[in-house]
Structures are given as C-alpha cells and as structure tokens.
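Reading through the structure tokens given below for one structure.
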DNA sequence: CCATCGTGAGTAGCATGTTACTCGTAAAAC
DNA sequence: GTTTTACGAGTAACATGCTACTCACGATGG
C-alpha cells in the first residue's frame, strides 16, 4: 500500500494536503498511453493488468477507466475487459465539429467585447508560442496554444463551456507530437493564430469567426490525414462543410 | 423507496447479462434527489451516508459522485464530504447558452438536409407531445420532447454531440415538474416546437434557427425565473443576448 | 474572558476481498 | 469428423478493510 504509493509522487512533495489524486494520475497516464499508441487500438485489457502496469490498486484504475468510457476513448465489456477505442478519423472529425460549433461563435464574441486587457493577454500567449517554436519546445507551445483558445472562450463567462472544450482538446492531445514533420507543423499551426488575434483586436466578429474556423479546419484536417492516411473520404477539408454552413461566417473563403 | 430499491435486482433476475449497473442507479437517484431539492443545495454529505440511504456499498456511490462532480452538480471536499451545488440561476443560464450554441445550428442544418423521413419522425413526436399534453402525461411529453431535439441534433451525425446535449438536458431535468403552473407551462412549451418543425419542413435554415432559439430562450427563462425568483438580473431574456448575437440568426425578432 | 493546543469523530481515497458472470478450450457424445 | 457440453481461467462490479487527513470542540494556559 504505502509502498505502492511511494513509487511516483512522494518525491515531488512534502505531501501535506496534496490534491493530486491517484485516479487523476492514472487517467492522464491512460489517455497518454492510448493516444500515443502504446495501448493498441482495439486491444482488450483488464483492470488487474492496468493496475499492475501503473503500480496502483484496482480502484483508481477503475475510476479512471469509467471516466474514459464517458468520453468514448474506451468501452467496458462486462466480465470481459476494457476495449481501447482509440481515435478513428471519424471520431476526430466529430471532435472538431464540436469545437467549430463552440469556438467559432466564441471568437466572434471575443471580437465583439474586446478590451485592451484581453488583447494584451492574447498577445502574450502568441509571443510565448513564437518563442516556443524557435526553441522547438512543444510543451510550452501547446500549453500557450491551449491558454489562447481558453481565453477566447472565457469571454462567454461560462466555465462549463471552457471545461468541455478542455476535455475535447484532451481527447486529441499529443497526436501531432514526434512526427517527422513535427516542427514544421508546429510553426504552421502557430501562425494560424495570428489572424485570429488580429481580427479580435480589430473588433471584427465575422473576421475573427472566419479565422478561427480556418484554424480549426486546418488543424482537424492535419490530424485526420495523419490518422486516416490516404482515406479518400477525408482527403479534402470537406468534412467540416456541414458544420461550417450553419455558422455565422461571412463567406467560407479559404475552403 | 430506497429500502425497496435497495435489494433491487436479485429478485427480478434470471439476470443473465443484465447491463444495469448499481452505480448508474445511484447516479440517477442522486441527480433526482438533488434536482428535486431532497438533497438541499449547499448541504454536505458523505459517501457512507449516501451508501446507507441507497442501501448499497460505498463503491458505486463513490463512482456516481465522481461522475456528478464531473458535471459540476456536486463538489468533493477531501476528507470533508460531498457538497451539493444544485443549480443556481447562473448555472441554468450556462446550460442554456451551451444548448443555444449547439442546437440552433443543428436546427439550421436539419432544415438544410430535410427529408420526408425526417419530417415524418418529427411529426410523430409532435403528435405524441400533443396527446401527452391532453392527458397531462408529463413523462410521455418530456420523452418525446427529448426525442424531437435528439433527432434534430442527429442530422449532424455526431453521437458525441447528441450525448453532450443529453447530459445538459439531464442537468435541468424535472425542474419544471409539479409546479402550480405545470400543465399551462407544459402546453406552452409544447406549442413552441411546432414552428421549429414547420421551418425545417419548409427547408428554411434561418427560420428553423430562429424558432429553435426562441424555444430555448423561452424554456431557459422559465427555469431561471423559477429558480431565481425575482432576481432582477434575470428578469428579462437578456441573459442570452451575448450568445444569440453570435449565432446565424436572421434577426432576433422576438427579443 | 480570550487564545492556543490537543484530541477524537468523521471523511475521502486507496487497497483488497468476494461474487456472478463470460467465453475459450477441450473432453464427451454422436 | 462434427456437435454439444462441461469446466476453469479471467473479468467487471460490488463489498469491505485500512490510513492519512480535516476540523469542530473542549481543555488548558495566559
């Protein structure tokens, strides 16, 4: 018990009222293992097995698995095991459709209620992202990427919205990391944020919406292409058309 | 009820692969208890206590509580207990803002891809709702209400979207039941669905979007007024303005 | 009277025990 | 050889044991 607990976190802290829960640790580890392909898609595992892998008891593993099942990354087959669903191209499409529905209006709203403070914050994130690209520091890059999107969403003052987008992002996190085109992709994605902030600064809701839509479609297309390979259904950016058509965009120019 | 439900399934069951999980039962019961006010807002409870109430062990209760904490209905205070957060007026506002962001484009999309089959299904739900109103059968009414919204959403062919709306609806479920104005409210809400279907039938995306927006704003306002009482901040329908402004509506006529 | 400290009841979180179930496998029946 | 049946390994779900922690409350010291 205490022995098993000692493995991972006792070092980092004098403990005290440490809010870090073992189930959270397992949740994060499991998601990473799935997204990175360490746990093969379609494979079947058991709570016992995973508990052994992470050197914890079955309880926190079970709790983490239940939460992953809620998001659809695994399915639980009673008395059989845990099936890893991974992320199909279709699943990625769904995630980015949701993000389009929510983040495009958010960008529009941010432009409508823009303040100097908001711009200063967004510029700060952009700057940090540029520096991270220069240093090929993907961790810093992604965390500031996240912060920028999060700040735009928060103009709705709806924590529930921010939280949901956070889980959607988590689902596809780390997918682009350590590919051969890594740094190039990183740079390109980073550049796409500039027009979003520029349009918000200008107080142009429709422009901000269009820029955000472009960014999300481009990012989603990259991840889908990477997952689906040459799957013809997703070769173009047509996957987002049905959603884009319902959004308040001036005209979907770049698509 | 808790007593009778306690040893609840051993009897009914040749069982077989019964998919009913105890934790799901507890989750549903807890949510009902919270929304109905049985578990007072702001009150503190413990896993032991709740396990005793539902006549099950602590494990399924804990799992249910963790999932409720994910949706924000309770907060977990370590070594202290479970704090019931209930639903403030602000929280209801947030739920309906999310629904506006997602369901208004969905109505628009449904109108854009309308088929005779879709119309037939929606008409079926409408008919069932009218009959349910006549018989004051709120269960049937709400289930068809849900089915209608669900069918409109499903035109996006994105199960993740349907599922999320489902959880949002669950959060505010049962709130309007057994009030003094019950049947009148039921009737009014039922009538609001007719224009939505009419606009979808006509293949008019903007009209469908506007009708859906009207419906959601009206429903949300009712629940907010009921919760907030005379709270001035929510007296009008202004709560939705910031969201509505970012949606693809022809003009927000009725507000 | 007021502040400090100790203590014990109560709790969430983690570990472990228990049970009914699923399904592959192989023996048995044909 | 083919089908049927019996069995056991392995599992999720549930029950229970255990521990470090929190905090109200009362005793003690000022």
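Residue numbers (this note's numbering), protein chains in the order written: chain A, 2 to 256; chain B, 2 to 256. Positions of the beta carbon are idealized from the N, C-alpha and C atoms, including for glycine.
Cutoff 6 Å; reference residue i; Cβ partners in own chain excluding five residues on either side
i                      : result
residue 44 of chain A  : 85
residue 212 of chain A : 196, 197 and 200
residue 240 of chain B : 94
residue 170 of chain A : none
residue 37 of chain A  : none
residue 204 of chain B : 112 and 115
Interface flag, residue i vs chain A, CB-CB below 8 Å
i                      : result
residue 157 of chain B : yes
residue 110 of chain B : yes
residue 165 of chain B : yes
residue 65 of chain B  : no
residue 68 of chain B  : yes
residue 214 of chain B : no
residue 162 of chain B : yes
residue 113 of chain B : yes
residue 256 of chain B : With a pLDDT of 42 at residue 256 of chain B, under the threshold of 50, the modelled position of this residue cannot be trusted; read the value that follows with caution. No, because no Cβ of chain A sits closer than 8 Å to the Cβ of residue 256 of chain B.
Sub-8 Å separation of residue i and residue j beta-carbons
i                      : j                      : result
residue 100 of chain A : residue 217 of chain A : yes
residue 161 of chain B : residue 73 of chain A  : yes
residue 148 of chain A : residue 209 of chain A : no
residue 249 of chain B : residue 155 of chain B : no
residue 219 of chain A : residue 159 of chain B : no
residue 82 of chain B  : residue 46 of chain B  : yes
residue 69 of chain B  : residue 31 of chain B  : yes
residue 153 of chain A : residue 121 of chain A : no
residue 202 of chain A : residue 105 of chain A : no
residue 65 of chain B  : residue 40 of chain B  : no
residue 165 of chain B : residue 126 of chain A : no
residue 172 of chain B : residue 96 of chain B  : yes
residue 146 of chain B : residue 130 of chain B : yes
residue 34 of chain A  : residue 228 of chain A : no
Per DSSP, the bridge partner or partners of residue i
i                     : result
residue 46 of chain A : A/83
residue 77 of chain A : A/83
Test: residue i CB closer than 8 Å to a CB of chain B
i                      : result
residue 106 of chain A : yes
residue 71 of chain A  : yes
residue 243 of chain A : yes
residue 93 of chain A  : no
residue 265 of chain A : There is simply no residue 265 of chain A to check, as chain A begins at 2 and stops at 256 in what is shown.
residue 247 of chain A : yes
residue 40 of chain A  : no
residue 28 of chain A  : no
residue 102 of chain A : yes
residue 170 of chain A : no
Own chain partners of residue i with C-beta closer than 7 Å, once the 5 adjacent residues on each side are dropped
i                      : result
residue 1 of chain A   : Lying before the first or after the last residue shown, residue 1 of chain A is absent from chain A, which here runs from 2 to 256.
residue 134 of chain B : 142, 187, 188 and 191
residue 63 of chain A  : 48
residue 246 of chain B : none
residue 157 of chain B : 107 and 110
Own chain partners of residue i with C-beta closer than 8 Å, once the 5 adjacent residues on each side are dropped
i                      : result
residue 262 of chain A : What the structure shows of chain A is the stretch from 2 to 256, and residue 262 of chain A is not part of that stretch, so it cannot be assessed.
residue 233 of chain A : Because the pLDDT at residue 233 of chain A is just 47, under 50, the model does not fix this residue reliably, and the value given afterwards should be weighed accordingly. Around residue 233 of chain A: no qualifying Cβ.
residue 144 of chain A : none
residue 150 of chain A : 104, 166 and 170
residue 80 of chain B  : none
residue 67 of chain A  : 77
residue 163 of chain A : 151, 154 and 155
Near the ligand GDP: residue i beta-carbon under 7 Å from a heavy atom
i                      : result
residue 165 of chain B : No copy of the ligand GDP occurs in the structure displayed, which carries no ligand at all.
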